[in-house]
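Novice:
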Amino acid sequence: MRKLLVGVVDSVKAKSIQFIITTSFTLVTVLVVLFVGVMLYSKFTETAEQNAYLNTQQILEQVKYNLDSYLNGTTQIFELVDDKIRRSQSISSEKLNEQLEAIVETRKDIVSIAVFSRKGELLMGTPARAMRKNSKLTDQSWFQSAIDDPNNLSFSLPHIQNLFKGEYTWVVSMSRGITVKGPSGDVQAVLLVDVNFKEIDDLCQRVGLGKKGYVYIIDLVGNIVYHPQQQLIYVGLKNENRSLPLKYSYGSYVDDSGKEKRLITIKTVDQLGWKIIGVSYMDDIATTKSEISRFLIWLLIVVSIIVLFVLSYISAKISRPIKMLERSMERVEQGDFTVNEPIRGSHEVEQLSLRFHLMVAKVRELMSQIIREQEAKRKSELEVLQAQIHPHFLYNTLNSVVRMVGIGKNEDVITTITSLSKLFRISLSRGKSVITVQEELEHVRHYLIIQKMRYKQKFAYWIEAQEEVLSCRTPKLLLQPIVENAIYHGIEHMADPGEIHVSASLCDGKVLLQVRDNGLGMSPDVRERVLAGTYKSEGGSGVGIRNVHERIRLSFGDEYGLEIESELEVGTVVNVWIPCRRDDEGQEG
Amino acid sequence: MGAIKRYGVYVLLLAAAIAASVSWYSRTVDSAPDKKKTVALIVRMKHGDYWRTVKLGAEMAAKEYDLNLNFYAPDYEEDSQSQMELVNQAARDGYDALVVAPSDDSVLQEAISQTKGGVPIIALDAEGERAEVAGYIGTDNYDMGKKACEKMIQLIGKSGRIALVGTGRGKEGATRREQGVRDVIAQNRQVELVASRYAQPDKKLVGELIRELIQSEPDIRGIIALDAGTSISVAEEIEKLGLQEKVKIVAIDSPLEVLEYLQEGVISATVIQKPFSMGYLGVKYALDASRGAGVPSRVDTGTKVIDRENMFWSENQKLLFPFVK
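Heads up: the protein sequence lines correspond to chains Y and E, in order.
The first sequence begins at 1 in UniProt numbering and counts up by one.
The second sequence begins at 1 in UniProt numbering and counts up by one.
(1) Starting from L506(Y), follow the beta strand (DSSP E) in both directions and report where the run begins and ends.
(2) Using a 10 Å radius around the Cβ and a threshold of 16 neighbouring Cβ atoms, would you call P33(E) buried or exposed?
(3) Can you tell me which of Y136(E), A73(E) and T53(E) puts its alpha carbon nearest to the alpha carbon of P296(E)?
(4) Could you list which residues in chain Y have their beta carbon closer than 9 Å to that of M60(E), in chain order?
(5) Who are the neighbours of L237(Y) on chain E, taking C-beta pairs under 8 Å?
(6) Give the DSSP-derived three-state secondary structure of E101(Y) in the structure shown.
(7) Which two residues bound the contiguous alpha helix (DSSP H) that contains G180(E)?
(8) Going along the chain, which unbroken runs of the alpha helix (DSSP H) with 4 or more residues stay wholly within the stretch 101-136 of chain Y?
(9) For the ligand SAM, is there any heavy atom lying closer than 7 Å to the beta carbon of L157(Y)?
(10) Provide the residue(s) that pair with G138(E) in DSSP beta bridges, ordered along the chain.
(11) For the candidate residues G282(E), L262(E), H47(E) and V234(E), whose alpha-carbon lies nearest to that of E208(E)?
(12) Chain E partners of I160(Y), CB-CB under 7 Å?
(13) Look up A293(E) in the DSSP assignment and say whether it is helix, strand or coil.
(14) First and last residue of the alpha helix (DSSP H) that includes N70(E)?
(15) Within 10 Å of its beta-carbon, does W142(Y) have 16 or more other beta-carbons around it, so buried, or fewer, so exposed?
(16) Name, please, each residue of chain Y whose Cβ falls closer than 7 Å to the Cβ of V324(E).
(17) When you compare only the Cα positions, how much space is there between L67(Y) and P275(E)?
(18) Just to make sure I have the definition right: I need the residues of chain E whose C-beta is within less than 9 Å of the C-beta of R132(Y). Which are they?
(19) In the DSSP output, what is Y281(Y) paired with across the bridge?
(20) My guess is that L157(Y) and R176(Y) are in contact by the Cβ rule of under 8 Å, so how many angstroms apart are they, rounded?
(21) Taking only beta-carbon atoms, is K212(Y) less than 8 Å away from chain E?
(22) Can you tell me whether Q190(E) is helix, strand or coil according to DSSP?
(23) Bridge partners of H159(Y), per DSSP?
(24) Measuring only the C-alpha atoms, how far is S11(Y) from Q18(Y)?
(25) For the pair the stretch 430-440 of chain Y and the stretch 470-477 of chain Y, tell me if three or more CB-CB distances fall below 8 Å.
(26) How about V235(Y) and I178(Y): are their beta carbons less than 8 Å apart?
(27) Report the rounded CA-to-CA distance for I252(E) versus I112(E), giving the unit in angstroms.
(28) Considering only residues of the same chain and omitting the five flanking positions on each side of V307(Y), which have a CB-CB separation below 8 Å?
(29) Over what stretch of residues does the alpha helix (DSSP H) that includes Y65(Y) continue unbroken?
(30) For a quick check, are the C-beta atoms of G229(E) and Q244(E) less than 8 Å apart?
(31) Going by DSSP in three states, W577(Y) sits in which element: helix, strand or coil?
(32) For R86(Y) and L80(Y), I'd like the C-alpha separation in whole angstroms.
(33) Consider the Cβ of K240(E): report whether some Cβ of chain Y lies at a distance smaller than 8 Å.
(34) So that I know if they touch, is there some Cβ in chain E lying closer than 8 Å to that of E167(Y)?
(35) Would you tell me roughly how many angstroms separate the C-alpha atoms of E373(Y) and E365(Y), rounded to the nearest one?
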């Protein structure tokens, strides 16, 4: 979890690869999904609308077909009844009555069959029931139509059958003019067959268009034949605009005059000219729309979340090795050339890391090579300087010897030459650069003997050594330049006799070689410059002390070397620190 | 190991995200049908064209406004005890709004205590002024009485003696109708209310009452009946006595018997209410109220005077014969 948080924080760094990959890919994915979503949405909704339209069309076609076939059926019944009456001998014959009763009984939807004279008197009726009073029979539309146009079968609007006693029934009346054989010849009459309206009512009520949609039927002039909300229309709670559908026989249009948009579809029943009008509410379709859009929004959110997770994972995987590489480089930048762990990741990054490590190794190699070369160079330089001591010293000593010979001091000559010879033997040491402390002290003693010859009573010297130090190993010719310095710079120009103490001791596990004089001493400034090798004394090379210091440090490290304590008019103490080594190990050629 | 752990975290988070969104989505889809409101309709009686028509109107509104309609009715009218039980039953079944046609005030009181003001109540076919009731929908009975009396005056030729037959119970609707009748008579000097009689809605009792009335007031020219049941009984007795030509009857409501007497000429006119509108508007306003919309506190669904002349006009047929059988 912490890792993820870190990842999130990392990816917030707007320029990181992880952030760029995650955001750009997420953006692209979201845009693509959005685009596809919008395309699908428009296509879906278009299809949904088209389906709703087609659905309505088909349902209405079905209603029309059912209505047509039902009306055809009832028309056939009417023709049958008409035929029976025409064929019978008398309108009141027993046989006809039976036949008609059979028809009424087999067809549940036939409410009654009746024949009326043109004056409205009942000539015959099945089933036989008493007439009601006040029925205004001759005023009724079916009677009027049969009188006005006796040869055409007419269908009335649904109305309440109020002619016969019994229940009041909703019927559609079929009527036509007819000629019947009465007791006194042919009589013009009206044949009435009342069909129960329930069949048609059921047919229409069963039709649902969407959740709220419905079907209604109007006749040629706009009277309502069937409407599920007929009561609401009559009491004025609802209004159905019937004028527009009247203009169409077939077709559909969108009616947005009311609060809700409605799709009105119209079909016409051929036989009667009744118009079946389907009303479907657009918000049913809109529900589909909102469902689709809700689905798409969720799809978008889910896909975005998934993509975000997957991409942040992938981008983290891609960017992690790069970050590791960056960290390696940082370490190299800070001077750590030991980095070498291989970085796993994509091929490119692995190659990059491989090349980088090869490069670092090469740099490392070159650096150590340079160090080695530098050291070798320095050493050879030192050796050259070391070699230079000899001729200079030899020249001075020989000069003294010549002078001593001149004044006949043979004793001194012998001492000087003997010391010189010993000095050189130790100097050469069969080519070894490392000698024992004893030999080194011996060397410096001979040197001092020689110098004492030159300077006579100018100075006195003491050499002391701890027993255990004598066998320690030391680079040769360490002390001689120091003693030389003490004589030339400390004592030579002094009026009083000088003292030089040379000692060797063991201190804190290190060998301490000390040269102490009571000479002129030096200022702290000069002391600093002597050790730094920048002090140039007259006559001297100016590198003697510095060389010793350098040689020790090159051989043994920075913890060893020279320390100079000096006070003007008091004297100088030079401490030479070297490691205490007795065997041959650690020696350098 | 670390990589596996990290992988696991990602997979887990991914799975959680998918699960969360899927459940969220399915919840929003599932919750859609639950948004449908439920309206409980409690009327006074299971049978009878009047209440069936109320139900028909309610069902029409339920279909139009896409809501669930629960219908409750006792077996007999005026059975306020059963109706109170139905109010409790409906409360147990749950509803977003209650439409009740109370038999008496106690039923309405029960409904108010059940809902405790949390659910709107629409009182149907009742009159009142209770603040807890969101709206009263029904007939203006005073106006109905006035219309009946005015029709009677027109029928008897503006002068003569008439009688009033009530239900015998202190029903608020009938009282208001009677008040309407009396107020009209008070303005017509030539019309005299000779008697007002009250009977239980029992044919025999009403028959006796009418015979007494005819005996004591032989020159009576009209009788106004104040409810449907009484109307039928009065018409039956008058027909038995053969007085249908002499005594005009103005009835209330339109049960089939009344319509038959109307067509046969025994009853001269009837003042009808509009139960379909009541049912329809009751549910419609109940829905509005449950959504927090304001509804009118009083809705008069209106009345109509029907006589032999107009009873078969097409716009009246649907009012008088609401059912296609």
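Yeah, the Cβ is synthetic: ideal placement off N, Cα and C, and Gly gets one too.
Specialist: A quick look at the data gives this:
(1) G498 to C507
(2) Confidence in P33(E) is poor, its pLDDT being 46 and thus under 50, which makes the residue's placement too unreliable to answer from.
(3) Y136(E)
(4) P228, Q229, Q231 and L232
(5) S277, Y280 and L281
(6) helix
(7) E172 to Q187
(8) none
(9) Judged by which ligands are present, the structure shown has none, so any question about the ligand SAM falls away.
(10) D300(E)
(11) V234(E)
(12) F312, Q317 and F321
(13) coil
(14) No alpha helix (DSSP H) holds N70(E); the beta strand (DSSP E) holding it covers N68 to Y72.
(15) buried
(16) W170, F197, K198 and D201
(17) 31 Å
(18) E260, Q263 and E264
(19) R262(Y)
(20) Going by Cβ atoms, the distance from L157(Y) to R176(Y) rounds to 17 Å, so no, they are not a contact pair.
(21) yes
(22) coil
(23) V171(Y)
(24) Here S11(Y) scores only 49 on pLDDT, less than 50, and its place in the model is too uncertain to base an answer on.
(25) yes
(26) no
(27) 30 Å
(28) F25, T26, T29 and V30
(29) I17 to R87
(30) no
(31) strand
(32) 10 Å
(33) no
(34) yes
(35) 12 Å
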